[in-house]
Amino acid sequence: MDEGTKDGLGVALNEAALLGAEVIQDRRCAAITFAVLSLPLDGAPPPVDSRVSLVLVQVGRVVASLRNARWDDDQAPAVPFALAELLKTVQSFGGQPVYGWKFIDTDDGYERWANRLSLDERFDGGSKQHSITLFQEGYERHLDLRLWFGGLRIFRPDRTEIAIGEFVAAGKRWWDGLYSGDPRTRGSGIYPSNSPIPPVVGPAREGQAGAEIHEG
């Protein structure tokens, strides 16, 4: 996965609602469901069901930090929970958006919570080639989550696969549309700022797995 692909995935996932995340231990894979912002080609309306599942394969490690405090409270202890409770914990935040443009292979902010872990699971035979770092932010409650993995694939709710390049392009079209005034982006509650989207969007790369779609 080259840097352009990582940047493109960051664009496509920016401001997506995180609906669920779970790990299947015996298969060393994980499914993370988002409701994403995307636009199709040729002026067609956005999809009615905007959910996609990122399926991570060769998962090597999963860490999370759940704290009953603001994200920037460096003294707040982590609240332990089991890997089997990950989905329930993520969903308890009600599908809050993730933002920041960079989610793949980034260390931004990780050192802030890496020594306060609610769970830390490692898998023999897994990979740490890539990582995805996510969060959920509530009132006086915060969850940080990172998974290391070897490859990924993306699926729609009907379990058809989306090429990574297609997924990235649809997300970039949405953000380009926001900045150009495309009426299809209205109603999102998001407005253009003075910070444009990252310009580099790279080619698709494939992984291997099956899909799990979580309800919002």
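For this note's numbering, add 22 to where a residue sits in the sequence shown, where the first one is 1. Here a beta-carbon is modelled for each residue, glycine too, at the ideal position from N, C-alpha and C. A quick note: this is a predicted structure, and the numbers were derived from the prediction, not measured.
Just list the residues that DSSP pairs F56 with in beta bridges.
L40, V74
Which residues bound the alpha helix (DSSP H) around V101?
From DSSP, V101 is part of no alpha helix (DSSP H); its letter is neither H nor E.
V79 CB to nearest chain B CB: under 8 Å?
Although the question refers to chain B, the structure presented lacks it and comprises just one protein chain.
Taking Cβ positions, are A38 and L61 nearer each other than 8 Å?
no
Cutting at 7 Å between CB atoms, please list the residues of its own chain near T111, excluding the five before and the five after it.
L88, F103, L165
Have a look at L105 and L141 and give me their C-alpha separation to the nearest angstrom.
7 Å
Count the C-beta pairs between the region 76-92 and the region 153-167 that are closer than 8 Å, then say yes if the count reaches three, no if not.
yes
Can you tell me where the alpha helix (DSSP H) with D29 in it begins and where it stops?
25-35
Among V81, V190, R168, L169, nearest to I176 - alpha-carbon criterion
V190
Please specify which runs of the alpha helix (DSSP H), each continuous and at least 4 residues long, are wholly inside the region 160-214, giving them in chain order.
186-202
Going by C-alpha to C-alpha distance, which of A53, P69, P68, V74 sits closest to V84?
A53
Along the chain, which unbroken stretches of the alpha helix (DSSP H) at least 4 residues long are found entirely within the region 95-159?
108-113, 132-135
Helix or strand or just coil, what does DSSP make of R92?
coil
Going by the beta-carbon positions, is the gap between P67 and R206 smaller than 8 Å?
yes
Measure how close the beta-carbons of L76 and C51 come, nearest whole angstrom, since I'm counting them as under 8 Å.
That pair is no contact at about 11 Å.
How many angstroms separate the CA atom of W170 from the CA atom of K28?
14 Å
Check whether G65 and R144 have beta carbons under 8 Å apart:
no
By Cβ distance, which residues of its chain are closer than 6 Å to R195, with the 5 residues on each side in sequence left out?
L61
In three-state terms, what does DSSP make of R50?
coil
How big is the Cα-Cα spacing for L200 and Y213?
7 Å
Can you name, in chain order, every residue of its own chain whose Cβ lies under 8 Å from the Cβ of R138, other than the five neighbours on each side?
S87, R89, A98, P99, A100
My assumption, with CB atoms under 8 Å, is that F125 sits in contact with L35. Please give the rounded CB distance.
5 Å
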